[in-house]
Amino acid sequence: MDKTQWIKDKICTRDVLVHRCNGLKALGRKIVFTNGCFDILHHGHLDYLAKAASLGNFLVVGVNTDASVKRLKGDARPLTSEDDRAFQLACLLFVDAVCLFEEDTPKELIEALRPDVLVKGGDYELSNIVGADLVLANGGQVEIIPFVQGYSTTSIIERIKKL
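Just so you know, the sequence shown maps onto residues 1 to 163 in the working numbering.
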C-alpha cells in the first residue's frame, strides 16, 4: 500500500473539490479558502496556513500553476514545480485540500467553491482581495492574517543569490 496516497488524495481537480465542499457544507462544516504561489514554503507560509485552518473546519489551498506563476512573477519563477508545491502543501496536516488553478487570480475557483471564509496575508486590504465581494455577498467572512516579519520567498531568493 502506498503510504502517501492519503496525501495525494488531498490534491483535487476543481470539480472534485466542489463536490467535496458541497458535501461538507451540507453537514454544516465551515470551508476556509486561501491561495498563493507557495514557491518556497517557509515559516511565514506555515504560520499563515495554520492560522487560516483555525478559522473553520476544512482548509482549501488554491495554488497557481507554473504558467500562472510565470505570468505573475516573471520567467525565473517558479523555482519549484506546481506538482511539488501542491504535494508539499498537501503534506501539511492542517491543509485539507489543494487545487491548482491556471488563471492569474483565484476568482473562478472562489466562485465555484463559495467558501465560508476567505483568507489573505497582511499585504492585502479588503478592497483588493479577489473574491472578497462574492464571499461577503454570500454571508461569509474575509480575514487578513498579519505577516510573520522577516519571511518572504523573495527575501530567501535574494539571500541565496548572495551566497
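Built from N, CA and C at the ideal position, the CB exists for glycine as well. Just so we're clear, the structure is a prediction, and the values are computed from it rather than from any experiment.
Ordered list of beta strand (DSSP E) runs contained in the stretch 131 to 162, each at least 3 residues: 141 to 145
Own chain partners of A52 with C-beta closer than 7 angstroms, once the 5 adjacent residues on each side are dropped: Position 52 of the sequence shown, counted from the first residue, corresponds to residue 52. The answer, listed in chain order, is V32, T34, L59, V119, I145.
Touch test, the stretch 145 to 155 against the stretch 36 to 52, Cβ-Cβ under 8 angstroms, three pairs minimum: yes
G74 versus G62 - alpha carbon distance: Residue numbering aside, residue 74 sits at position 74 when the sequence shown is read from its first letter. Residue numbering aside, residue 62 sits at position 62 when the sequence shown is read from its first letter. Approximately 20 angstroms, taken between the alpha carbons.
Own chain partners of R71 with C-beta closer than 8 angstroms, once the 5 adjacent residues on each side are dropped: What you label residue 71 is simply residue 71 of the sequence shown in a count that begins at 1. Once the five neighbours on either side are set aside, the close Cβ partners of R71 are D104.
Where the beta strand (DSSP E) containing L59 begins and where it ends: Counting from one through the sequence shown, the residue named residue 59 turns up at place 59. That run of the beta strand (DSSP E) goes 58 to 64.
Rounded separation between D15 and L163 - CA only: For this step, residue 15 is matched to residue 15 along the sequence shown. For this step, residue 163 is matched to residue 163 along the sequence shown. Distance between the alpha carbons of D15 and L163 is about 44 angstroms.
R114 versus G36: straight-line alpha-carbon distance, rounded: Mapped onto the sequence shown, residue 114 falls at position 114. Mapped onto the sequence shown, residue 36 falls at position 36. Distance between the alpha carbons of R114 and G36 is about 17 angstroms.
Closest by C-alpha distance to G121, when choosing among L17, A50, K8, T13: Along the sequence shown, one-based indexing puts residue 121 at 121. The shortest Cα separation from G121 among L17, A50, K8, T13 belongs to A50.
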